[in-house]
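Participant: Before I ask anything, here is the structure I am working with.
Chains as they are written, first to last, in the numbering used here: chain H, 18 to 424; chain F, 18 to 424.
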């Protein structure tokens, strides 16, 4: 029995460079089915549903959809709304009124949880309805997935940024601290390790939320690296915390000497980088200390995209439509690595993904907790796509000195 | 009479994405001349000369030089040293000892001034010597040049960043402040205007060092834009100052409520963006206010390069060798626009470029002093290269509401 009705696609949470690939994959695939009467896009995620803010995507040309697919950030806009039961009842009232039978929600673990709640409500109200979660997050923190669409491109951004900063730091030496997104999972910060090409290349130290951050140990490590190389490049996750789980940015702000920023969000401010820089300057007496906070650039910069990530983001969108419309089943699309490098997609139970957070496994972090392992680099490399960046150095020999006698 | 001797190439000041194109252009062209006995690279600019830190670039393969050419940041490293007369005497002692007759210095207006001083010293000491300044700076602030190598690629970075942030800001609305490098000249910040594609696209406000920054006017303008679009994207130069010339970052820090950062450098800290965000939050009561400081990413990010910039950076390096070795004359290579879009290169007197700063001409800035003109965009467009980014939107029509009556 074919389930006839409309499709609604929506996007939730933080945008990524390839989130519109998933949108376009779901839309184009849905438009092929005769039982699909219309394909709607909800504006601003679930809040667009309760407000009946739909656009009719069957009136989009395939060509324009393809142009939107290569444009970063959520073309249907986003929301941070997290529906409760009452919110869900509103969602259903609207979906029923518009005869919507298929709902595809592109988002992270919060969005997966939304889909789970909406699905439960559909079942309990006997409304014939398919809802599928399509994965995306630059944080790469979804359970049941080898990795998530959006991560590869953001990781490429972080890698390209650190390749450049490492060269800059060699040319004009000092301490440089790069702050990367990732509240609970260090995958994105760990991508900085791709810049470690030559033996003295940074980042020399990588701090992840998975390991407690010890300020004294940090200062000691920076000192050692600086003494060895005359410079030190550090990659820090915005979510680093101390052994009691207190975020370092909160802790440093409590210090009267450095207390400054009135806000508490981790992204969209340079606070953590600036505070760590101050501490390095004061304690180690190093003059040239700089920090860069990558901020929103890492999730929406135009043109820094992994082609592998692009392909996979497209496919998870297509697979959502296929599972829901051909096979009439609910769930979360998950990515599974089947070779090096090949993947396949499954439909996993929503409860396996919803509201859970995957963090870096132990084998990806070195023993000292201040760098990654080769196993992580091996894991990451194919996700960066086929056009991985690589810096080159001059290798010309030194010329013997004439005036200054060499030792 | 051919002047026989060695060539020394060096790089000074802040790195750019294409500075190694100029290096490689000068090296490969120099290696073709029979009167050139060796081509050396000085490590860390002029400080490499006085310390006799040379590498022998005649031992580099052409292939590796081409790989280095496409790698960002100064391959010979850099320096902030600014030679005085005594320093210059040291330079000459070394150059004479190594029989160096040609000196090519790739850098900004400070480096041009170094070349000028070195040249004067050569003349007064009767040492037969050619010194040429090769232009580079992401700030685009060299006199006598239509624009400078390094600017196009950095401008492309800023444009791509704002295209992405504009989309992000549409998806999750609020106020976003992007802080761009440029202490005295606003050219790089102005490149953010390329993101203004659709009528409501940001940056809605662009603040440059060329116009006094008025905090009250700023808050009023942000309020107006926010009321109109429900969001506001602002591009700010790190060098903005008030009507008395006091940098805004210094001024805001003096305010006890926001005083925080102990350092005074403009780049390598998120201070200005964070302070402006605080003020918007406090005064306008807008909750979601974020800032991004582009920092070092804009001058050394791997892979964000304008091909036009790449070609020109290569050519100014080649031209330096040609002028010095074929024609036996000194000066600064300058770029002149001859059509739309074509350029030619001249050798200009060093005094026309050295230690001077070009700022945005009046016709590039709107009357209110908070945006750029079409004349600026026309000027900038060809410098971004042949692969200019462009965002695309969904254009599907709204679906009539069923439950919520439309007005």
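Glycine included, C-beta positions come from ideal geometry on N, C-alpha and C. Note that the structure is predicted; figures quoted are calculated from it, not measured.
How far does the alpha helix (DSSP H) with residue 349/F in it extend, from its first residue to its last?
Facilitator: Looking at the DSSP string, residue 349/F is not in any alpha helix (DSSP H); the run it does join, the beta strand (DSSP E), is 348 to 356.
Participant: Give the secondary structure of residue 121/F by DSSP, where H, G and I count as helix, E and B as strand, and everything else as coil.
Facilitator: It is a strand residue.
Participant: Just by C-beta distance, which residues in the region 174 to 207 of chain F are closer than 7 Å to chain H?
Facilitator: The region 174 to 207 of chain F vs chain H, Cβ under 7 Å: 177, 178, 180, 181, 182, 184, 185, 187, 188 and 189.
Participant: Could you give the DSSP three-state label for residue 170/H: helix, strand or coil?
Facilitator: Helix, per DSSP.
Participant: Short check: CB of residue 36/F to CB of residue 333/F, under 7 Å?
Facilitator: No, they are not a contact pair.
Participant: Determine the chain H residues that contact residue 81/F at a beta-carbon separation under 7 Å, and present them in chain order.
Facilitator: By Cβ distance, chain H contributes 409 and 412.
Participant: On the criterion of 16 or more Cβ atoms from any shown chain inside 10 Å, does residue 32/F qualify as buried, or is it exposed?
Facilitator: Result: buried.
Participant: Is any beta-carbon of chain H found at less than 7 Å from that of residue 26/F?
Facilitator: It does not; no Cβ of chain H falls within 7 Å.
Participant: Looking at the secondary structure, which residues open and close the alpha helix (DSSP H) in which residue 71/F lies?
Facilitator: It is not in any alpha helix (DSSP H) - residue 71/F instead sits in the beta strand (DSSP E) that spans 71 to 73.
Participant: To the nearest angstrom, how far is the alpha carbon of residue 337/H from that of residue 200/H?
Facilitator: Taking the straight line joining both Cα atoms gives about 28 Å.
Participant: Take residue 293/H and list the residues in its own chain whose beta-carbon comes closer than 6 Å to its own, dropping the five residues that flank it on each side.
Facilitator: So the qualifying residues of the chain are 194.
Participant: Note down the Cα distance separating residue 306/H from residue 192/H, rounded to an integer number of angstroms.
Facilitator: Going from the Cα of residue 306/H to the Cα of residue 192/H covers about 5 Å.
Participant: If residue 301/H sits next to residue 240/H, beta carbons under 8 Å apart, how far is it from one beta carbon to the other, in whole angstroms?
Facilitator: Sure, about 6 Å apart at Cβ, within 8 Å.
Participant: Of the residues 154/F, 256/F, 111/F and 223/F, which one's Cα is nearest the Cα of residue 383/F?
Facilitator: Selected option, being the one with the closest Cα: 223/F.
Participant: DSSP three-state label for residue 203/H, please.
Facilitator: Coil.
Participant: For a quick check, are the C-beta atoms of residue 133/H and residue 392/H less than 7 Å apart?
Facilitator: No, these two residues do not count as a Cβ contact at 7 Å.
Participant: Answer yes or no: does any C-beta atom of chain H fall closer than 7 Å to that of residue 319/F?
Facilitator: So, interface residue.
Participant: Given this structure, state the Cα-to-Cα distance separating residue 235/H from residue 254/H, to the nearest angstrom.
Facilitator: If you take the alpha carbons of residue 235/H and residue 254/H, they lie about 14 Å apart.
Participant: Does any C-beta atom of chain F lie closer than 7 Å to the C-beta of residue 236/H?
Facilitator: False, the Cβ-Cβ gap to chain F never drops below 7 Å.
Participant: Under 8 Å Cβ-Cβ, which residues of chain H neighbour residue 420/F?
Facilitator: Within chain H, the residues near residue 420/F are 69, 110, 111 and 114.
Participant: Is the shortest distance between the beta-carbon of residue 92/F and the beta-carbons of chain H less than 7 Å?
Facilitator: By this cut-off, residue 92/F is an interface position.
Participant: How would you call residue 367/F, buried or exposed, if buried means at least 16 neighbouring beta carbons within 10 angstroms?
Facilitator: Counting Cβ neighbours within 10 Å, residue 367/F comes out buried, since at least 16 surround it.
Participant: Using the Cα positions of residue 246/F and residue 407/F, report the straight-line distance between them to the nearest angstrom.
Facilitator: Cα-Cα distance, rounded: 21 Å.
Participant: Taking the alpha carbon of residue 125/F as the point to measure from, which residue in 112/F, 99/F and 390/F has its own alpha carbon closest?
Facilitator: The shortest Cα separation from residue 125/F among 112/F, 99/F and 390/F belongs to 99/F.
Participant: Starting from residue 338/F, follow the alpha helix (DSSP H) in both directions and report where the run begins and ends.
Facilitator: Counting along the chain, the alpha helix (DSSP H) containing residue 338/F begins and ends at 324 to 344.
Participant: With 7 Å as the threshold, decide whether the Cβ of residue 246/H is near any Cβ in chain F.
Facilitator: For residue 246/H, the answer is no, since every Cβ of chain F falls outside 7 Å of its Cβ.
Participant: What in chain H is Cβ-close to residue 102/F, meaning under 9 Å?
Facilitator: In chain order: nothing, as chain H lies at least about 19 Å away.
Participant: Between which two residues does the beta strand (DSSP E) containing residue 361/F stretch?
Facilitator: It spans 359 to 365 - the beta strand (DSSP E) in which residue 361/F sits, taken as one unbroken run.
Participant: Which two residues bound the contiguous alpha helix (DSSP H) that contains residue 82/F?
Facilitator: 79 to 86 is the span of the alpha helix (DSSP H), which, as asked, contains residue 82/F.
Participant: Where does residue 345/H land, buried or exposed, given buried means 16+ other C-beta within 10 angstroms?
Facilitator: Exposed, by the Cβ-count rule.
Participant: With distances taken Cα to Cα, identify the nearest neighbour of residue 324/H among 174/H, 131/H and 420/H.
Facilitator: Cα-wise, what sits closest to residue 324/H is 174/H.
Participant: Buried or exposed for residue 215/H, going by 16 or more other Cβ atoms inside 10 Å?
Facilitator: Residue 215/H comes out exposed.
Participant: Any beta carbon of chain H sitting closer than 7 Å to that of residue 291/F?
Facilitator: By this cut-off, residue 291/F is an interface position.
Participant: Can you list the residues of chain F that residue 314/H reaches, using a CB-CB cut of under 8 Å?
Facilitator: Within 8 Å Cβ-Cβ: 178, 181, 182, 309, 311 and 314.
Participant: Give me the residue from 21/H, 258/H and 80/H with the minimum Cα distance to residue 386/H.
Facilitator: When each option's Cα is compared against that of residue 386/H, the closest is 258/H.
Participant: Could you pull the start and end residues of the alpha helix (DSSP H) that residue 292/F belongs to?
Facilitator: Per DSSP, residue 292/F belongs to the alpha helix (DSSP H) from 288 to 301.
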